[in-house]
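Trainee: The structure under discussion is supplied below as structure tokens; questions concerning it will follow.
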Amino acid sequence: GLFFSSGRARFDGPGEGAVGGSIHAWLARLHLARQAHTPVLRVDEDDAGAGFALSLAVAEDAATLHTPTPLAKVLAATAWADRRSAVLQTVAMLAEFHPALNDYVRAGARKPLAVSPQALPALLFDTLPALRLVGIRTLLPRTLERLLRPRLSMQIKAKSGSAAGFLKTDDLFSFDWKVSLGDDRITPAEFERLLGKATGVVRFRGQYVYLDPAEIEQLRARMARPAPVSGSELLRVALAGEVDGAPVGLNKAAEKLLQQLTNTSDVPLPKGLRATLRPYQQRGYAWLWRNARLGLGSVIADDMGLGKTLQVIALLQRLKEDGALDEARALVVVPTSLLTNWQKEIERFAPGLRVNIFHGAKRELTKDRPDVLLTTYGVARSEEALLKGMSWRLVVIDEAQNIKNPAAAQARAVKSIPAGGFVAMSGTPVENRLSEYWSIMDFAQRGYLGGPTHFAREYATPIQVHRDAAAAEQLRRVMAPFMLRRLKSDKSIISDLPDKVEQDQFCTLSRQQAALYESVVREGLKSVAGESDTFRRQGLVLQMILALKQVCNHPAHYLKQGAAEPDESGKAQRLLDLLEEIHAAQERVLVFTQFREMGDLLQRMLRERLGHEPLFLHGGVTRAKRDQMVERFQGERGERVFLLSLKAGGTGLNLTAASHVVHFDLWWNPAVEAQATDRAYRIGQQRNVQVHRFITRGTFEERINEMIRSKRELAEMAVGTGETWVGQLPPEALRALFRLG
Numbered sequence: 003g004l005f006f007s008s009g010r011a012r013f014d015g016p017g018e019g020a021v022g023g024s025i026h027a028w029l030a031r032l033h034l035a036r037q038a039h040t041p042v043l044r045v046d047e048d049d050a051g052a053g054f055a056l057s058l059a060v061a062e063d064a065a066t067l068h069t070p071t072p073l074a075k076v077l078a079a080t081a082w083a084d085r086r087s088a089v090l091q092t093v094a095m096l097a098e099f100h101p102a103l104n105d106y107v108r109a110g111a112r113k114p115l116a117v118s119p120q121a122l123p124a125l126l127f128d129t130l131p132a133l134r135l136v137g138i139r140t141l142l143p144r145t146l147e148r149l150l151r152p153r154l155s156m157q158i159k160a161k162s163g164s165a166a167g168f169l170k171t172d173d174l175f176s177f178d179w180k181v182s183l184g185d186d187r188i189t190p191a192e193f194e195r196l197l198g199k200a201t202g203v204v205r206f207r208g209q210y211v212y213l214d215p216a217e218i219e220q221l222r223a224r225m226a227r228p229a230p231v232s233g234s235e236l237l238r239v240a241l242a243g244e245v246d247g248a249p250v251g252l253n254k255a256a257e258k259l260l261q262q263l264t265n266t267s268d269v270p271l272p273k274g275l276r277a278t279l280r281p282y283q284q285r286g287y288a289w290l291w292r293n294a295r296l297g298l299g300s301v302i303a304d305d306m307g308l309g310k311t312l313q314v315i316a317l318l319q320r321l322k323e324d325g326a327l328d329e330a331r332a333l334v335v336v337p338t339s340l341l342t343n344w345q346k347e348i349e350r351f352a353p354g355l356r357v358n359i360f361h362g363a364k365r366e367l368t369k370d371r372p373d374v375l376l377t378t379y380g381v382a383r384s385e386e387a388l389l390k391g392m393s394w395r396l397v398v399i400d401e402a403q404n405i406k407n408p409a410a411a412q413a414r415a416v417k418s419i420p421a422g423g424f425v426a427m428s429g430t431p432v433e434n435r436l437s438e439y440w441s442i443m444d445f446a447q448r449g450y451l452g453g454p455t456h457f458a459r460e461y462a463t464p465i466q467v468h469r470d471a472a473a474a475e476q477l478r479r480v481m482a483p484f485m486l487r488r489l490k491s492d493k494s495i496i497s498d499l500p501d502k503v504e505q506d507q508f509c510t511l512s513r514q515q516a517a518l519y520e521s522v523v524r525e526g527l528k529s530v531a532g533e534s535d536t537f538r539r540q541g542l543v544l545q546m547i548l549a550l551k552q553v554c555n556h557p558a559h560y561l562k563q564g565a566a567e568p569d570e571s572g573k574a575q576r577l578l579d580l581l582e583e584i585h586a587a588q589e590r591v592l593v594f595t596q597f598r599e600m601g602d603l604l605q606r607m608l609r610e611r612l613g614h615e616p617l618f619l620h621g622g623v624t625r626a627k628r629d630q631m632v633e634r635f636q637g638e639r640g641e642r643v644f645l646l647s648l649k650a651g652g653t654g655l656n657l658t659a660a661s662h663v664v665h666f667d668l669w670w671n672p673a674v675e676a677q678a679t680d681r682a683y684r685i686g687q688q689r690n691v692q693v694h695r696f697i698t699r700g701t702f703e704e705r706i707n708e709m710i711r712s713k714r715e716l717a718e719m720a721v722g723t724g725e726t727w728v729g730q731l732p733p734e735a736l737r738a739l740f741r742l743g
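Oh and the sequence shown: position 316 is 318 in this note's numbering, straight run, nothing missing.
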């Protein structure tokens, strides 16, 4: 600390008077006064190639490009007589670091000093760095400038027959341990022959390898242990191109197989498919079929409305025509709201597929199993044992974010069903955090990304916390064969979809709303301030947010009053004004709210204002009634407004008759908003879609919206947003967030 930092010390105690002078004398040997000529230490390969030679020369500082003068000439030539003493003073200091130089100088420096391969590492790693620090030039041969160190590596091989038939991942690859020496990889046996009994530095194919005994023992011990490498891990390593920082080798068969995984060549469509696929849909189908053929999983994460269902139906039809569904069948797990949609889509596009629904109180499985069995996440959980005992060629899950929590019983049940292949469908594979993405991928390709702890260490933490672009790029690279995501905004994917225009609609509080708002904030902050338990404190903050959302919607919503006047709410007034404009343009609108109670209030208000009760889809509507509502809105021009609760109507519906979408109250999650908006903004939409986001000015709604917008870059990279983080804010930040005005 005294020498290399800002430390200070006084040496004025008994017996300490000479300490300062001693330190000065000890350091004096490292002092080199600037001189016109300084020594140059040179290392060369000896003529026999069995070792190295060390010699000294003298260079003129002002002529660095000139060849240094050998020390032997400096010692013998009379022309150097007046400069010889200064040179030798510096050489004497060098001998402090390498004592053998004393004998070299006494012998007149006529014969270079021999340096054995065993002694060379100490010279290279200990002596030369110290000499460079005090300003001594050193010259090394090119072969020593890049000294190689042995590293563990792999040679991955594709097993025979891997390119044909339906296989599991573990059947695709095998590997051998290799030792990486620069760009070369040799077998462990070849490495042992290279070692012999050698240590230090040895020559290998024109280069030098440093053999550190401790590193060699670690390398041997690693190769001796059984490799915990599954087929999935080998595939990940092969795609990443490295293992523990060392390059991975692939044989020709493995290279060919990896090319197949990323190949985008056309695959003939099944003959029984009654649909015309867009080019990007044909590529998606071909990708799904290649992965299924190789027994690999797929996560198809196309943007909402780009036709994921049709691409998967094409795959199912192709599997049937290939005979892959003769013995084992296909299971499709969906949210309850999508059962009818899937059944109708299969009947429409692949009438040759036999399909049944396994759902409801009277559900049963007949002996004559259909090609495709449709069921729900809830049934998969309750009938886990039954479904696990059946043979499945393919298990497909739609709205795969339903298994984003790997610890949930629903996710565990779905993942427990064995099959020859898996397909996950989701327009939002990451809603809040990358661990959700891991859970979905763990369904599709078991074990491929390692366990959750490994995934967090290698990818989630570097990407989410440190914004590590290299980690994000490696994740994209290893996921490329198993993850397909196309966006509607990408005109190279789809150029005939109209535009989506988002607009924030700022509303003001009525007097009654403002009074209620301040009352809720005052009482809420008082409760939060009196709670020390972090978990309960967060719960109180979320309760306050819920109450304030209701106040901003309508006083009657918060006070649980059945009757509601539009002029008591700024949002209600703005909605009615907006609907008049939409009706005047002969257009239709979807209105989303998180709350069924608010939907009921809006339905009554709109009935009184418009003289017609709008449709309202919520969680209490039966599947049959839901289907009737969708058909009415899509087919009857008199249905201009469709109210939907966000949970019941935010996914799975095709409502392209609407060209306007209203988010009456916000969830503050861009992914959830986009899902709801995509009920209208999807294939089949012929008009531009206007999205209206209702925000109450001067309230926490406006401030949270600003905070979320500022984080959009991170949200789009890896993380969605929600509300739970608000509960972690300190008291001052909470007061600033919730204040009115």
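The C-beta atom is built at its ideal place from N, Cα and C for all residues, glycine as well.
Could you round the C-beta distance between residue 651 and residue 689 to whole angstroms and report it? I think they count as a contact, below 8 Å.
Mentor: Looking up residue 651 in the sequence shown gives position 649. Looking up residue 689 in the sequence shown gives position 687. The beta carbons of residue 651 and residue 689 sit about 20 Å from each other, so the pair does not count as a contact at 8 Å.
Trainee: Can you give me the Cβ contacts of residue 431 inside the same chain, cut-off strictly under 6 Å, excluding the 5 residues immediately before and after it?
Mentor: On the sequence shown, position 429 is the one that residue 431 refers to. The answer, listed in chain order, is 303, 439, 442.
Trainee: Can you tell me which of 628, 615, 554, 732 puts its alpha carbon nearest to the alpha carbon of residue 596?
Mentor: By 1-based counting over the sequence shown, the position of residue 596 is 594. Checking every option, the nearest Cα to that of residue 596 belongs to 554.
Trainee: Residues bridged to residue 692 by DSSP?
Mentor: For the purposes of this step, residue 692 is taken as the residue at position 690 of the sequence shown. Bridge partners of residue 692: 503, 662.
Trainee: Could one say the Cβ of residue 464 lies closer than 9 Å to chain C's Cβ atoms, at least one of them?
Mentor: Annotation note: the requested chain C is absent from the structure, which comprises a single protein chain.
Trainee: Using a Cβ distance threshold of 8 Å, determine whether the stretch 634-648 contacts the stretch 546-564, with at least three qualifying pairs required.
Mentor: Verdict: no, contact absent.
Trainee: Please confirm whether residue 183 and residue 224 have their CB atoms less than 9 Å apart.
Mentor: Here residue 183 refers to the residue found at position 181 of the sequence shown. Here residue 224 refers to the residue found at position 222 of the sequence shown. No.
Trainee: Report the rounded CA-to-CA distance for residue 301 versus residue 308, giving the unit in angstroms.
Mentor: Here residue 301 refers to the residue found at position 299 of the sequence shown. Here residue 308 refers to the residue found at position 306 of the sequence shown. If I take the Cα positions, the gap works out to 15 Å.
Trainee: Could you tell me whether the Cβ atoms of residue 618 and residue 602 are closer together than 9 Å?
Mentor: Reading the sequence shown from its first residue, position 616 is the one you call residue 618. Reading the sequence shown from its first residue, position 600 is the one you call residue 602. Yes, Cβ-Cβ distance for residue 618 and residue 602 is below 9 Å.
Trainee: What does a CB cutoff of less than 8 Å around residue 715 pick up in its chain, not counting 5 residues either side in sequence?
Mentor: Translated into positions along the sequence shown, residue 715 becomes position 713. In this prediction, residue 715 has a pLDDT of 46, which is less than 50 and means its spatial position is unreliable; what the coordinates show is noted afterwards. Excluding its 5 nearest sequence neighbours in each direction, residue 715 has no C-beta neighbour in its own chain below 8 Å.
Trainee: Kindly indicate the opening and closing residues of the beta strand (DSSP E) around residue 366.
Mentor: Stepping through the sequence shown from its first residue, residue 366 is reached at position 364. Note, residue 366: premise wrong, no beta strand (DSSP E); not H, not E.
Trainee: On the CB-based measure, 16 or more other CB atoms within 10 Å of its CB, does residue 503 come out buried or exposed?
Mentor: For the purposes of this step, residue 503 is taken as the residue at position 501 of the sequence shown. It counts as exposed.
Trainee: According to DSSP, is residue 392 helix, strand or coil?
Mentor: As a working mapping, residue 392 is identified with position 390 in the sequence shown. Three-state DSSP puts residue 392 in coil, outside helix and strand.
Trainee: Whose CA, out of 702, 315, 426, 663, lies closest to the CA of residue 684?
Mentor: Position 682 of the sequence shown, counted from the start, is the residue given in the question as residue 684. Ranking 702, 315, 426, 663 by Cα distance to residue 684 puts 663 first.
Trainee: Per DSSP, which residues does residue 188 bridge with? Please list them.
Mentor: As a first step, residue 188 is located in the sequence shown; it is residue number 186 there, counting from the start. According to DSSP, which records beta bridges pairwise, residue 188 is partnered with 181.
Trainee: Using the C-alpha atoms, what's the distance from residue 55 back to residue 222?
Mentor: As a first step, residue 222 is located in the sequence shown; it is residue number 220 there, counting from the start. As a first step, residue 55 is located in the sequence shown; it is residue number 53 there, counting from the start. Taking the straight line from one Cα to the other gives about 32 Å.
Trainee: Using the Cβ count rule (16 or more neighbours within 10 Å means buried), how would you classify residue 251?
Mentor: Translated into the one-based positions of the sequence shown, residue 251 becomes position 249. Its Cβ being crowded by 16 or more others within 10 Å, residue 251 is buried.
Trainee: Spell out the partners DSSP gives residue 377 in its beta bridges.
Mentor: For the purposes of this step, residue 377 is taken as the residue at position 375 of the sequence shown. Paired residues: 335, 360.
Trainee: Distance, Cα to Cα, residue 39 vs residue 130?
Mentor: In the sequence shown, counting from the first residue as 1, residue 39 sits at position 37. In the sequence shown, counting from the first residue as 1, residue 130 sits at position 128. Computed Cα separation, rounded: 19 Å.
Trainee: Please classify residue 581 as buried or exposed, where buried requires at least 16 other C-beta atoms within 10 Å of its C-beta.
Mentor: Position 579 of the sequence shown, counting from 1, holds the residue named residue 581. Looking at its Cβ environment, which holds 16 or more other Cβ atoms inside 10 Å, residue 581 is buried.
Trainee: Between which two residues does the alpha helix (DSSP H) containing residue 41 stretch?
Mentor: Mapped onto the sequence shown, residue 41 falls at position 39. Premise fails: residue 41 lies in the beta strand (DSSP E), 39-47, not in any alpha helix (DSSP H).
Trainee: To which residues of the same chain is residue 118 closer than 6 Å at the C-beta, ignoring the five residues directly before and after it?
Mentor: Within the sequence shown, numbered from 1, the residue matching residue 118 stands at position 116. Within the same chain, residue 118 has close Cβ partners 53.
Trainee: In terms of alpha-carbon separation, which member of 487, 460, 486, 485 lies closest to residue 474?
Mentor: Taking the sequence shown and counting its residues from 1, the one referred to as residue 474 is at position 472. Cα-wise, what sits closest to residue 474 is 460.
Trainee: Look up residue 134 in the DSSP assignment and say whether it is helix, strand or coil.
Mentor: Position 132 of the sequence shown, counting from 1, holds the residue named residue 134. If DSSP states are grouped into helix, strand and coil, residue 134 belongs with the helices.
Trainee: Which of the three DSSP states, helix, strand or coil, is assigned to residue 467?
Mentor: Here the question's residue 467 lines up with position 465 in the sequence shown. Coil, per DSSP.
Trainee: Given that a residue counts as buried once 16 or more other Cβ atoms are within 10 Å of its Cβ, and exposed if not, what is residue 740?
Mentor: For the purposes of this step, residue 740 is identified with residue 738 of the sequence shown, where counting begins at 1. Flag for residue 740 reads buried.
Trainee: How far does the beta strand (DSSP E) with residue 112 in it reach, from first residue to last?
Mentor: Translated into the one-based positions of the sequence shown, residue 112 becomes position 110. Element bounds for residue 112: n/a, residue is neither H nor E.
Trainee: Are the beta-carbon atoms belonging to residue 421 and residue 402 less than 9 Å from one another?
Mentor: Mapped onto the sequence shown, residue 421 falls at position 419. Mapped onto the sequence shown, residue 402 falls at position 400. In this structure, residue 402 does not lie closer than 9 Å to residue 421 by Cβ.
Trainee: Alpha carbon to alpha carbon, how far is residue 196 from residue 46? Give it in angstroms, no decimals.
Mentor: For the purposes of this step, residue 46 is identified with residue 44 of the sequence shown, where counting begins at 1. For the purposes of this step, residue 196 is identified with residue 194 of the sequence shown, where counting begins at 1. Whole-angstrom Cα-Cα distance: 22 Å.
Trainee: Kindly give me the distance between the Cβ atoms of residue 527 and residue 736, rounded to whole angstroms, as I take these residues to be in contact under 8 Å.
Mentor: Position 525 of the sequence shown, counted from the start, is the residue given in the question as residue 527. Position 734 of the sequence shown, counted from the start, is the residue given in the question as residue 736. Distance from residue 527 to residue 736 at the Cβ level is roughly 7 Å; contact confirmed, criterion being Cβ atoms closer than 8 Å.
Trainee: Please determine if the stretch 498-513 and the stretch 557-575 are in contact, where contact requires at least 3 C-beta pairs separated by less than 8 Å.
Mentor: yes
Trainee: Enumerate in chain order the residues of its own chain whose CB-to-CB distance from residue 616 is below 7 Å, with the five nearest sequence positions on each side excluded.
Mentor: Here residue 616 is taken as the residue at index 614 of the sequence shown, counted from 1. Counting only Cβ-Cβ distances below 7 Å, and skipping sequence neighbours, we find 605, 608, 643, 644, 645.
Trainee: Kindly indicate which residue of 373, 369, 342 has the alpha-carbon position closest to the one of residue 356.
Mentor: Along the sequence shown, one-based indexing puts residue 356 at 354. The residue with the shortest Cα to Cα distance from residue 356 is 373.
Trainee: Would you list the one or two residues that DSSP bridges to residue 139?
Mentor: Within the sequence shown, numbered from 1, the residue matching residue 139 stands at position 137. According to DSSP, residue 139 bridges with 42.
Trainee: Helix, strand or coil: how does DSSP classify residue 573 here?
Mentor: Within the sequence shown, numbered from 1, the residue matching residue 573 stands at position 571. If DSSP states are grouped into helix, strand and coil, residue 573 belongs with the helices.
Trainee: How big is the Cα-Cα spacing for residue 317 and residue 462?
Mentor: Residue 317 sits at position 315 when you count from the first residue of the sequence shown. Residue 462 sits at position 460 when you count from the first residue of the sequence shown. Computed Cα separation, rounded: 32 Å.
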